[in-house]
Each structure stands twice: as C-alpha cells, then as structure tokens.
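Sequential numbering from 7 applies to the sequence shown in the numbering used here. Backbone N, C-alpha and C fix where the C-beta goes; we use that ideal spot for every residue, glycine too. Everything on this sheet refers to the single structure shown next.
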Amino acid sequence: MSNSLAAKLQKLLMLASPYHRLLLSKLVHLGPDLGLPINFRPRLCNDHPDKFKVVDTSYGRALELVNWDSNLANILPLRDENESVGLIVDRPLKFKHLRLRKGLNVKRQHRDYLIRFRELPNVCPYNTNVTDLVKESIEAEKRACAVVREVLGMTVEKRTLVDHLTHFRKEFGLPNKLRGMLVRHPEMFYVSLKGQRDSVFLVEGYNDKGVIVEKDEISAIKDELMELVREGKRMRRERRKEYIYGDVNKSDTQPLDNQVDDEYYDDFADDLDDLFQLEDYSSEDDVDDDESEEELIRLEEKGEFWMAETTASSINQNDCGSGPW
C-alpha cells in the first residue's frame, strides 16, 4: 500500500515541469482523492528518500523529485474505439465515429473539432515540456488534457474537484480557463454541476451503468471492509431473532437440565388457586358486614345517626345536649 501511494506521488512530481516540485500545501487538497493518509507529510514523504524529498522554498515546504523512474513515465492505456463501438467485422469504418456518452449531443462544428483533436498524435505529458509548445495552441491543449487524464486516473474514484486541479495550473502547465477546456472535451471528461463546487470525472473510467471499470487498491480494500461490517450486522440480526422468537430445531435438542419443569412453572404461573382463597376470605367479611349494618339500624332508630359530637365541657356549661343538625 505504501509503495503504491509513493508511486502516485512520484508520478505527480514527474508531471510537474520544469522543476518537478510541488508544494505540500497544494498536495493536501488532492491527497484525499489520491487515497493519501492524513499524515502523509511527516511519514510517507520521509519513508521514501530514494524517490522524493522535502525542501524549503520561498513559497513554503515542497516535495521535490529525487529519482526519475522510466517505468512510471507511461500514459494510461488508450481505449480501443473499434471495441467500444462493438464492430462485428474487423474492417475500418466508412465514416469517422466519435463515441460520446449516452444522451449527449454536440453541434456539428464541435463534433468536427473533437474528431480533428483526436487525430492529432498522442502527447506524453511526462516527456513533453510545456515550454516547448505554443501557448493556447491545440497541441498545448492536447498535453493539458493528457495531464488531467493522468491525474484522474491516479485518483481512487476517477474523479476530483475542478478547484483542486486549478491549484496545480502553473506546475502542470494547465490553461487559465481550465473548466472551459474540460467542458469542451465531453468525450474524455464529465463535469458535474451538483453542489457548490464542480467535479470532473474521467469518462473512460466508468462503464455505461456508471460503475468504475477498474477499482483502485484502496477502493477494493474499503469494499472488503464494508462487506465484513455488513456480515457482522447480519449475524447479530440473526442472533437477535433467535433470542426473541426462538429456534424450533435447537429447542428440541436442548438437554433436560435446560428445560423448564412443568410443576415448577405451574406453581408460579397459575393463579387459579388464589380465586378459591379469595372466596373464603369474602365469606368471613360478609359476617362483619352484617354486624355493622345492625348497628347502623339501631343508631338510626334512636336518632343519633346525625348527632354532632360535643365535648364534656360544653355539656356541663349548658346542661343540655346538642340537637340534631
């Protein structure tokens, strides 16, 4: 993993001309898209002194190339146009075909420009210096498109923000109107307008269904990790269901010690015996209720039922009892 990330940084430095140097403050913006860790500056940059080194410049600390690797100075393999069209017979087409995304239509003048642009000889951005080309020429645009294609090919999801590419406009020899150049080449790039910041995608990195054709090593590891997480959740879900609903097959094979005794369960779960005990208690309470009713009848006959209670002192002073209310 460390070697692949170091190779990406080395290729970026090989694209930067003429000094093959990139500021670390700019690499921070492109680091997450390349799959670089957060602490790549103190660790990854210092773990490979044979490839690059950290130097001090007037603009800040920068990463400078130490060793040029010819094996890395190769562009991404070009897509076979005949294979993408799906020809049955191996023979040249009678007309010039331009493969675009499904549902995308361009004007004829724009289409002729794209066909003429494709017929130009391929430019290797690693071996071609931007100072050797005329500024704002079609050859310079050919090299700029090749540089953006290489950078997007090194990213994990074959995409990045347009703002991140503008940070390297000077180092990579990109035009000032970078976004206009990306929109002008829909056969190579797709610019998404979602959100507040535009994103650029490498068209050939995705199939017709929008799935990445060749996944990056970091993306494959993340997918395996997410699959393990989903498997753990599925196992916990099954155990929870077995705990709540129980498993018939497992309950039949349980030992006798784990089974619940029916007599023990009846003693605690069945409350029918208490009903008969309540009837016995109610018979005794009925006798007490009869006696209380007889006493109330006796007090009512004497007229003392609604008599107010008086103290002994009040009776002695008035020498008379309280009358009814």
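Three-way DSSP call (helix, strand, coil) for residue i in this model
{"i": "residue 274", "result": "Reliability of the predicted coordinates at residue 274 is poor, the pLDDT of 43 falling under 50, and no value is obtained from them."}
{"i": "residue 36", "result": "helix"}
{"i": "residue 25", "result": "coil"}
{"i": "residue 8", "result": "helix"}
{"i": "residue 287", "result": "For residue 287, the predicted structure reports a pLDDT of 46, less than 50, and the residue's modelled location is therefore unreliable. A value from the coordinates is still provided. Residue 287 falls in the helix class under three-state DSSP."}
{"i": "residue 119", "result": "helix"}
{"i": "residue 207", "result": "strand"}
{"i": "residue 79", "result": "coil"}
{"i": "residue 218", "result": "strand"}
{"i": "residue 231", "result": "helix"}
{"i": "residue 56", "result": "coil"}
{"i": "residue 247", "result": "helix"}
{"i": "residue 125", "result": "coil"}
{"i": "residue 44", "result": "coil"}
{"i": "residue 114", "result": "helix"}
{"i": "residue 104", "result": "coil"}
{"i": "residue 188", "result": "helix"}
{"i": "residue 85", "result": "coil"}
Beta carbon of residue i nearer than 7 Å to that of residue j
{"i": "residue 167", "j": "residue 225", "result": "no"}
{"i": "residue 77", "j": "residue 57", "result": "no"}
{"i": "residue 152", "j": "residue 181", "result": "no"}
{"i": "residue 60", "j": "residue 69", "result": "yes"}
{"i": "residue 188", "j": "residue 178", "result": "no"}
{"i": "residue 85", "j": "residue 104", "result": "no"}
{"i": "residue 40", "j": "residue 161", "result": "yes"}
{"i": "residue 82", "j": "residue 159", "result": "yes"}
{"i": "residue 223", "j": "residue 8", "result": "no"}
{"i": "residue 193", "j": "residue 126", "result": "no"}
{"i": "residue 67", "j": "residue 30", "result": "yes"}
{"i": "residue 28", "j": "residue 71", "result": "no"}
{"i": "residue 169", "j": "residue 203", "result": "yes"}
{"i": "residue 23", "j": "residue 135", "result": "yes"}
Per-residue burial, residue i [other beta carbons within 10 Å of its own, 16 or more giving buried]
{"i": "residue 101", "result": "exposed"}
{"i": "residue 209", "result": "buried"}
{"i": "residue 147", "result": "buried"}
{"i": "residue 191", "result": "buried"}
{"i": "residue 149", "result": "buried"}
{"i": "residue 266", "result": "Any reading at residue 266 must be qualified, since the residue scores a pLDDT of 42, below 50, and its modelled position is unreliable; no value is offered."}
{"i": "residue 110", "result": "exposed"}
{"i": "residue 115", "result": "exposed"}
{"i": "residue 16", "result": "buried"}
{"i": "residue 141", "result": "exposed"}
{"i": "residue 233", "result": "exposed"}
{"i": "residue 252", "result": "exposed"}
{"i": "residue 143", "result": "exposed"}
{"i": "residue 238", "result": "exposed"}
{"i": "residue 80", "result": "exposed"}
{"i": "residue 106", "result": "exposed"}
{"i": "residue 14", "result": "buried"}
{"i": "residue 200", "result": "exposed"}
{"i": "residue 291", "result": "Caution is warranted here: a pLDDT of 49 is assigned to residue 291, below 50, making its placement in the model unreliable, and no coordinate value can be reported."}
{"i": "residue 186", "result": "exposed"}
{"i": "residue 240", "result": "exposed"}
{"i": "residue 219", "result": "exposed"}
{"i": "residue 155", "result": "buried"}
{"i": "residue 211", "result": "buried"}
Strand pairing of residue i, partner residues [DSSP]
{"i": "residue 13", "result": "DSSP output for residue 13 lists no bridge partner at all."}
{"i": "residue 193", "result": "Note: residue 193 sits in no beta bridge, so no partner."}
{"i": "residue 67", "result": "62"}
{"i": "residue 240", "result": "The partner list for residue 240 (beta bridge, DSSP) is empty, contrary to what the question assumes."}
{"i": "residue 198", "result": "205"}
{"i": "residue 212", "result": "218"}
Write down every uninterrupted run of the alpha helix (DSSP H) in the segment 129-162 whose length is 4 residues or greater and which is fully enclosed by it, in chain order.
144-160
Quick check for students: name the residue ranges of the beta strand (DSSP E) that lie wholly in the segment 161-185, counting only runs of 3 or more.
165-167
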